[in-house]
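Residue numbers (mature numbering (1 follows the signal peptide of the UniProt record, and there is no 0)): -26 to -1, 1 to 239. Okay, so here's the structure we're looking at.
If you want it as structure tokens, here you go:
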């Protein structure tokens, strides 16, 4: 079949019309990256759909700015490259706001307060940081737990810091005795230990950590999403999401309830 110039122009126009709605839809989609094995913050259910505390937060925040979400499954370390390269708009995965991260990323105001903990087998003689001398410590690669452990390795005499790609693999090795202890965020540890009864948090490390939505530096949607979080705090939506996933009320003075300033580098 031969095409005249008129045929080609009509075909091009038709393609343009067909592509139009897709482009418009894409503009209304907030691309989110999430680490898939981090309950109760985010995880994949049996159908492969993301659920969790932060999933509910980002879905609600997106809804309030007239967008829907598309959540991609990414490793924890990959989240940072994905926001920097603008492959995704937002990263969730209990990501702590730190001065170092603020040099290359932007964060919304925090919505969750946390500390880290030292975990070991429930019957282990390890009770505190003082008992870690000569021990192998497991951490999630790229996490603040890894940063803390490496900072304290020389003074604490840890024999090795072993990095893992997932929290699940870290805790499985802890249970199997391939590492002596693990350092990670308290909420995720405590949630996991409701099922892994042989493991326990032995000591809380007070860090004052706070989690926020992480985005590319000065992302154009940062202000809108931050305003959505403020509204969710004021009308009680964020507190209700906390109650749903943690089974308790968020402390009245926590970042889950109180409006907080946008973090600055």
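Glycine included, every Cβ here is placed at the ideal spot set by N, Cα and C. For clarity, every value in this text was computed on a predicted model and none was experimentally measured.
Between the CA atoms of residue j and residue i - distance to the nearest angstrom
i	j	result
residue 117	residue 1	31 Å
residue 124	residue 205	39 Å
residue 195	residue 226	28 Å
residue 237	residue 214	24 Å
residue 61	residue 48	11 Å
residue 182	residue 120	16 Å
residue 81	residue 222	26 Å
residue 31	residue 69	14 Å
Same chain, Cβ closer than 7 Å to residue i, five either side skipped, listed in chain order
i	result
residue 234	83, 84
residue 89	160, 178, 179, 180, 181, 183
Where residue i falls: helix, strand or coil (DSSP)
i	result
residue 112	strand
residue 168	coil
residue 230	coil
residue 236	coil
Residue environment, residue i, which counts as buried when at least 16 other CB atoms sit within 10 Å
i	result
residue 7	buried
residue 200	buried
residue 3	exposed
residue 21	exposed
residue 56	buried
Beta bridge counterpart(s) of residue i as assigned by DSSP
i	result
residue 136	112
residue 312	Nothing in the structure corresponds to residue 312, since the chain is present only between -26 and 239.
residue 189	64, 80
residue 184	87
residue 6	45, 64
residue 200	DSSP, once it has assigned bridges, lists no residue as partnering residue 200.
residue 17	11, 25
Sequence-distant residues of its chain with Cβ nearer than 8 Å to residue i (five each side left out)
i	result
residue -21	Interpretation of residue -21 is limited by its pLDDT of 42, a score under 50 that renders its predicted location unreliable; the figure taken from the coordinates is listed afterwards. So no residue of the chain qualifies.
residue 167	93, 173, 174, 175
Neighbourhood of residue i by C-beta distance below 6 Å, restricted to the same chain and skipping five residues each side
i	result
residue 184	71, 84, 87, 229
residue 165	13, 14
residue 39	198, 202
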